[in-house]
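Numbered continuously in UniProt numbering, the sequence shown closes out at residue 300. Note that the Cβ used here is the ideal one computed from N, Cα and C, for glycine as well. Here the structure is laid out as structure tokens; the discussion comes afterwards.
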Amino acid sequence: CYQDPAPGRRGGRRAGFRSMATGELGGRSAEKLFSLSGLFAVYKPKGPTSAAVLNLLKERLLAEAGVQTKDNKRKRQALKIGHGGTLDSAATGVLGNEKYKYSHRTSMEDASKYTAIGLLGRATDTLDATGKVTEEKPYDQVTKKDLENVLQKFTGDIMQVPPLYSALKKDGERLSTLMKRGEAVEAKPARPVRVYSLSLQQFQPPLFTLDVECGGGFYVRSLVSDIGKELSTCASIQELTRTKHGPFTLEEHALHEDRWTIDEIARSLEHCMSLFPGEQSHKKFKTELPGETAVSCEDK
């Protein structure tokens with residue numbers, strides 16, 4: 001997740017302008033693109049994975065810069081951009097990214113905010129609407145007051161079991177990949193997570209809408225599933241939107257696809273980096289916990 005415009009070695013491979021390109025790199029546009037450094041945010045739509053969104057962003061910027069390579073994979077590798085918190089393919093919202101020469105003494109693993117629409121009475125293997133239905137239970141007994149009371153149990157420092165369909169790894173492979181192959185997977189042990197605030201915004205059974213503010217490593221899918229169990233029924237997520245990621249908000253900072261240009265990214269970097277007064281650091285920006293890939297809130 002880095003781009004070093006100065007020629008040199010990193011991991012046994014040169015990181016200069018021409019290290020991965022077979023043709024010219026487009027003059028001033030390329031120079032501007034490769035000189036950019038810092039944090040910014042884009043909007044992730046429903047459907048593609050976070051990685052696919054990042055690859056599309058790279059392709060757009062490299063095409064504008066005139067970077068030419070023999071294949072798309074090597075072309076994308078010519079530009080190093082990483083994201084600091086993966087969103088599920090079915091989720092939408094803020095996707096924080098970093099393009100840099102040197103990392104910044106900061107982290108996007110701060111509090112994130114979500115709007116989640118849950119469905120009472122139905123559980124799935126993925127804990128959201130994309131999975132296979134595994135259980136159905138009556139929910140008529142659940143009242144708005146019941147739901148509001150239950151939310152108090154999931155606020156503060158709590159223990160949470162991550163979903164089986166996640167980017168957490170076993171023997172180097174994602175649990176979701178093992179599940180899709182039909183291999184037996186044991187749930188990861190419960191781990192401490194933090195919920196700063198949790199409120200019920202709307203209740204129209206079987207649907208309910210939550211606003212969630214949480215710390216890193218938290219799964220909103222698991223939260224909704226656990227709420228269903230606590231209400232003596234079951235539940236799964238129907239829609240999920242990340243409205244804030246660290247200091248980046250959906251309304252103010254997340255660039256939509258029509259603004260994925262070098263000039264727009266440059267302006268966004270200048271605006272977003274003003275949110276981080278800390279000095280630059282030569283340490284790489286970490287997007288993963290040791291042995292895991294889901295450091296933010298959603299990823300499968």
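May I ask you to report which of helix, strand or coil DSSP gives residue i?
{"i": "residue 272", "result": "helix"}
{"i": "residue 67", "result": "coil"}
{"i": "residue 132", "result": "coil"}
{"i": "residue 252", "result": "coil"}
{"i": "residue 17", "result": "Bear in mind that the predicted position of residue 17 carries a pLDDT of just 32, short of 50, making it too unreliable to give a figure here."}
{"i": "residue 236", "result": "strand"}
{"i": "residue 37", "result": "coil"}
{"i": "residue 123", "result": "strand"}
Using CA coordinates, which residue listed in the options is at the minimum distance from residue i?
{"i": "residue 245", "options": "43, 34 and 30", "result": "43"}
{"i": "residue 83", "options": "90, 66 and 52", "result": "52"}
{"i": "residue 66", "options": "189, 252 and 27", "result": "27"}
{"i": "residue 196", "options": "211, 160, 155 and 207", "result": "155"}
{"i": "residue 202", "options": "143, 234, 85 and 68", "result": "143"}
{"i": "residue 220", "options": "207, 32, 242 and 206", "result": "242"}
{"i": "residue 130", "options": "99, 149, 89 and 116", "result": "89"}
{"i": "residue 270", "options": "222, 253 and 257", "result": "253"}
{"i": "residue 127", "options": "275, 273, 57 and 229", "result": "229"}
{"i": "residue 97", "options": "41, 224, 247 and 214", "result": "41"}
{"i": "residue 34", "options": "265, 189 and 210", "result": "265"}
Does the Cβ of residue i have 16 or more other Cβ atoms within 10 Å, making it buried, or fewer, making it exposed?
{"i": "residue 133", "result": "exposed"}
{"i": "residue 141", "result": "exposed"}
{"i": "residue 99", "result": "buried"}
{"i": "residue 295", "result": "With a pLDDT of only 30 at residue 295, under the threshold of 50, the placement of this residue in the model should not be trusted, and no figure is reported."}
{"i": "residue 217", "result": "buried"}
Thinking C-beta only, is residue j closer than 8 Å to residue i?
{"i": "residue 139", "j": "residue 240", "result": "no"}
{"i": "residue 118", "j": "residue 238", "result": "yes"}
{"i": "residue 151", "j": "residue 198", "result": "yes"}
{"i": "residue 193", "j": "residue 158", "result": "yes"}
{"i": "residue 50", "j": "residue 86", "result": "yes"}
{"i": "residue 81", "j": "residue 58", "result": "yes"}
{"i": "residue 301", "j": "residue 93", "result": "Nothing can be reported for residue 301: it is not among the residues displayed for the chain, which extend from 1 to 300."}
Going by the DSSP bridge assignment, what does residue i pair with across the sheet?
{"i": "residue 215", "result": "Answer is none; residue 215 lacks a bridge partner."}
{"i": "residue 115", "result": "211 and 241"}
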